[in-house]
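Working notes, structure below.
Number of protein chains: 2
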Amino acid sequence: MAEDGERKEGFSAPEIRRDPLSGAWSILATGRSRRPGAVPGASREPACPFCPGNESMTPPEVWSAGRKGSAPDTPGWEIRVVPNLYPALVPEAGERGWRKSSRVGIPAQGDHEVIVHSPEHGLSLGAMDARRAAGLLGAWQARYRHFAAMARVRYVQVIVNHKREAGASLEHPHAQVFALPVVPRAVLDELRESRRRAGNCPLCAEAEEAREDDRVVAENRAWRAFVPYAARAPFELRFAPLRHAGDFAAAGREELAGLADVLTRSLGALSKLLGDPAYNLWVHAAPCDGKDYQHYHWHLEMIPRIVISAGFELATGMYLNIMEPREAARQLRVSAG
Amino acid sequence: MAEDGERKEGFSAPEIRRDPLSGAWSILATGRSRRPGAVPGASREPACPFCPGNESMTPPEVWSAGRKGSAPDTPGWEIRVVPNLYPALVPEAGERGWRKSSRVGIPAQGDHEVIVHSPEHGLSLGAMDARRAAGLLGAWQARYRHFAAMARVRYVQVIVNHKREAGASLEHPHAQVFALPVVPRAVLDELRESRRRAGNCPLCAEAEEAREDDRVVAENRAWRAFVPYAARAPFELRFAPLRHAGDFAAAGREELAGLADVLTRSLGALSKLLGDPAYNLWVHAAPCDGKDYQHYHWHLEMIPRIVISAGFELATGMYLNIMEPREAARQLRVSAG
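Quick look at the structure:
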């Protein structure tokens, strides 16, 4: 049980610390400072660890798709999953939390993986054909299910950081999966709102209103992509399944195919409109802690990194958006053609 | 009362919209898209509107310090306050909120000002002498008091965005003051935590623990600057008055002088250590809505923008920090000399 007073020099297991002022959690993972590009000006790796032929540059793979008889950690894969070399959470971090006056924390016990999206260094999600993207979403779901089944994991967070300006330390398109021992604050906020309005799901209502307000960018029978009413940034998008359901793990093959369709069309339109901007994309689904989340509606969110969130956002937790959501949707629809 | 369905083309009054999924507020201020550098690649103004001689480039000044007989909107000032040319909030936005199914909002009624820190284009807060900085904090307080006294203003947010990477659209050092009709979510979080532990203030405890843990960067009889236990980013700093008090408006001249001392020493050390990095700095004080906030402890917070917050932070509301707080404090103390 690490306490600040007992910290050793050098690497130590990552911790999740609670801020006594705000109640927010921070993961302190000092090992991540060694990853490429963690500090501006630090040298970047010359070869891409996610390209075929460089498999030895990553930890051994834990999952792959597309191999036709090739051995693990050699080329021949279509999708490849490896542990993060600089993990924010580790299985052996320990279990017991601590409290020493206002210093409260728990070990950052969990896991942190990378899903390499394809062997092609330049093939981003928005440039994939929908069928291939559906296969990729199946890989996300497989890793999601793997961690969600673990007793100590309370939440599985899947994210994509597209390009360095969005925080990606490697350019080769990939997703990251975080298996967390806590339910993140942003998810708790959404759970509270949807519970408060149980029987009248806010995302069901929002998806319908997006249509009334001309804020839809792409849709099909199972999914709708739209600019939210209270968009935090220009061209923010929300991707909602039209069937109310909370669990990403339970989504069927057709549902993932529908998501792949709206996702590739929307991200493709964004890329065409703004010249392949950096963005962050993430899944929000019900926690996997065994409680009842019938009221919750899973979805994806995407924010392009074309404006810098500044002191106002940090100070207030509010956002300043300069673009009318309906106009953002219109421009994306035009770009989608 | 604007509703999305009734929106007109072109400029319209800014709105504060509530996200039905998370409950978070976004200010939609489309007029801000015209400000310099709002969109990457847009042309920047050739001359600095905040430099002496260019006073006509800003709206007429509403406050100044240091004039020895010179006329408003001419050179001769030491500190100059002007309305933001691209305001996020305006006095005439209206008063009545709306609710149309899940679309909830209120007019962004309030004010948005700029405090130009000095006539010198290159003089940042961390490079000022403490006496001059104390005068500047007096200007912040004067504008804070001006807005806090208004019945419709619930919260006054003072922020500094230092350099473009921190979201500043103009380089000339300045602060921004936002007079808000709502109490921001980040402040509500802190109010909840301090109320929960009334009589045992978390910031009083934290300031004491920072000393025990060697996380102090600078201190004097009235203030302490330290790296928080749950720091969100490398070299994050918190500035706490040692006397428990919630109200920025009530701080006396000596208290502001003490703040100026720790602020200039800490920001000076940060600048020397990291080569004048971009940062966001803000005040958190009790709301000015007339309620009782005896439990709250006002303070300042600063986060350098040397790492990019990415999808994990956006998705979870948690932070990933790669630097041991004690080590950050040690490096800053060494730099401070």
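Taken in sequence, the protein lines are chains A and B. At position 233 of the first sequence the residue is numbered 301 (my numbering), and the sequence of numbers has no breaks. At position 30 of the second sequence the residue is numbered 98 (my numbering), and the sequence of numbers has no breaks. We put the CB at the ideal spot given by N, CA and C, even for glycine. Every value quoted in this text rests on a predicted model; they were computed, and no experiment measured them.
Residues that DSSP places opposite residue i in a beta bridge
i: W93 of chain A; result: A:R86
i: G173 of chain B; result: B:R85 and B:W166
i: S132 of chain A; result: A:R148
i: F294 of chain A; result: A:V284 and A:R306
i: E369 of chain B; result: B:R306 and B:W350
i: D179 of chain B; result: B:A247
i: Q225 of chain B; result: B:F246
i: Y387 of chain B; result: A:S94
i: H185 of chain A; result: Per DSSP, none; premise fails for H185 of chain A.
i: V158 of chain A; result: A:Q177
i: H230 of chain A; result: A:Y347
Sub-8 Å separation of residue i and residue j beta-carbons
i: F215 of chain B; j: V228 of chain B; result: no
i: A410 of chain B; j: E146 of chain B; result: Chain B is shown only over 69 to 405; residue 410 of chain B falls outside these bounds and no answer can be derived.
i: A286 of chain B; j: R333 of chain B; result: yes
i: V158 of chain B; j: A81 of chain B; result: yes
i: P151 of chain B; j: V130 of chain B; result: yes
i: A328 of chain A; j: L310 of chain A; result: no
i: V245 of chain A; j: Y212 of chain A; result: yes
i: V64 of chain B; j: W350 of chain B; result: In this structure chain B extends from 69 to 405, so residue 64 of chain B is not present and cannot be described.
i: P249 of chain A; j: S186 of chain A; result: no
Under 8 Å from the C-beta of residue i: neighbouring residues of chain A
i: G379 of chain B; result: I227, V228, N229, A234, G235, Q244, N348, L349 and W350
i: I376 of chain B; result: R232, E233, A234 and G235
i: R311 of chain B; result: Correct list: empty, because the minimum Cβ distance to chain A is about 17 Å.
i: A156 of chain B; result: F380 and L388
i: A273 of chain B; result: P88, S169 and S170
Cutoff 8 Å: residue i Cβ touching any chain E Cβ
i: S339 of chain B; result: Judged by its chain identifiers, the structure shown contains no chain E, and its protein chains are A and B.
Per-residue contacts from residue i into chain A (C-beta, under 9 Å)
i: D179 of chain B; result: Going along chain A, no residue has its Cβ under 9 Å from D179 of chain B, so there is no contact; the nearest lies around 14 Å.
i: E261 of chain B; result: D87, P88, L89, S90 and G91
Pairwise C-alpha distance: residue j and residue i
i: A378 of chain B; j: C119 of chain B; result: 35 Å
i: A110 of chain A; j: E304 of chain B; result: Note that A110 of chain A has pLDDT 47, beneath the 50 cutoff, so the model's placement of it is unreliable and the number below is only indicative. Distance between the alpha carbons of A110 of chain A and E304 of chain B is about 20 Å.
i: H352 of chain B; j: T126 of chain A; result: 44 Å
i: D282 of chain B; j: R398 of chain B; result: 8 Å
i: A210 of chain A; j: R222 of chain A; result: 17 Å
i: L388 of chain B; j: G173 of chain A; result: 14 Å
i: L400 of chain A; j: A195 of chain A; result: 15 Å
i: A234 of chain B; j: T142 of chain A; result: 42 Å
i: E323 of chain B; j: A266 of chain B; result: 23 Å
i: H363 of chain B; j: L259 of chain B; result: 8 Å
i: A198 of chain A; j: A115 of chain A; result: 29 Å
i: F68 of chain B; j: I84 of chain B; result: Outside the modelled stretch of chain B, which goes from 69 to 405, sits residue 68 of chain B, for which no answer is possible.
i: P155 of chain B; j: G320 of chain B; result: 30 Å
i: G385 of chain B; j: C269 of chain A; result: 22 Å
i: R263 of chain B; j: L256 of chain B; result: 10 Å
i: H365 of chain A; j: G326 of chain B; result: 50 Å
i: D179 of chain A; j: R373 of chain A; result: 27 Å
i: G314 of chain B; j: A354 of chain B; result: 5 Å
i: C356 of chain A; j: L153 of chain A; result: 25 Å
i: E276 of chain B; j: E381 of chain A; result: 28 Å
i: F316 of chain B; j: R253 of chain B; result: 19 Å
i: S403 of chain A; j: R200 of chain A; result: 22 Å
i: A176 of chain B; j: W166 of chain B; result: 12 Å
i: E71 of chain B; j: V295 of chain A; result: Residue confidence for E71 of chain B is low, a pLDDT of 38 falling below 50, so the modelled location carries little weight and cannot support an answer.
i: G121 of chain B; j: K136 of chain B; result: 16 Å
i: E369 of chain B; j: V284 of chain A; result: 39 Å
i: I95 of chain A; j: R232 of chain B; result: 27 Å
Contacts of residue i in chain B (Cβ-Cβ under 7 Å)
i: P296 of chain A; result: D87
i: R300 of chain A; result: S94
Per-residue contacts from residue i into chain A (C-beta, under 7 Å)
i: I371 of chain B; result: L382
i: E323 of chain B; result: Under the 7 Å cutoff, chain A gives no residues; its nearest Cβ is about 20 Å from E323 of chain B.
i: E277 of chain B; result: S169, S170 and R171
Amino acids of chain B, ordered along the chain, whose beta-carbon sits closer than 8 Å to that of residue i
i: P270 of chain A; result: P88, L89 and S170
i: P252 of chain A; result: A383, T384, G385 and M386
i: D257 of chain A; result: S90, G91, A92 and G385
Under 9 Å by beta carbon: chain B residues contacting residue i
i: D329 of chain A; result: Those within 9 Å of D329 of chain A in chain B number zero; the least Cβ separation is about 22 Å.
>> For the pair the segment 388 to 396 of chain A and the segment 281 to 300 of chain A, tell me if three or more CB-CB distances fall below 8 Å.
In response: yes
> Are the segment 336 to 350 of chain A and the segment 180 to 196 of chain B touching, with three or more C-beta to C-beta distances below 8 Å?
Replying inline: no
> Are the segment 164 to 178 of chain A and the segment 85 to 93 of chain A touching, with three or more C-beta to C-beta distances below 8 Å?
Replying inline: yes
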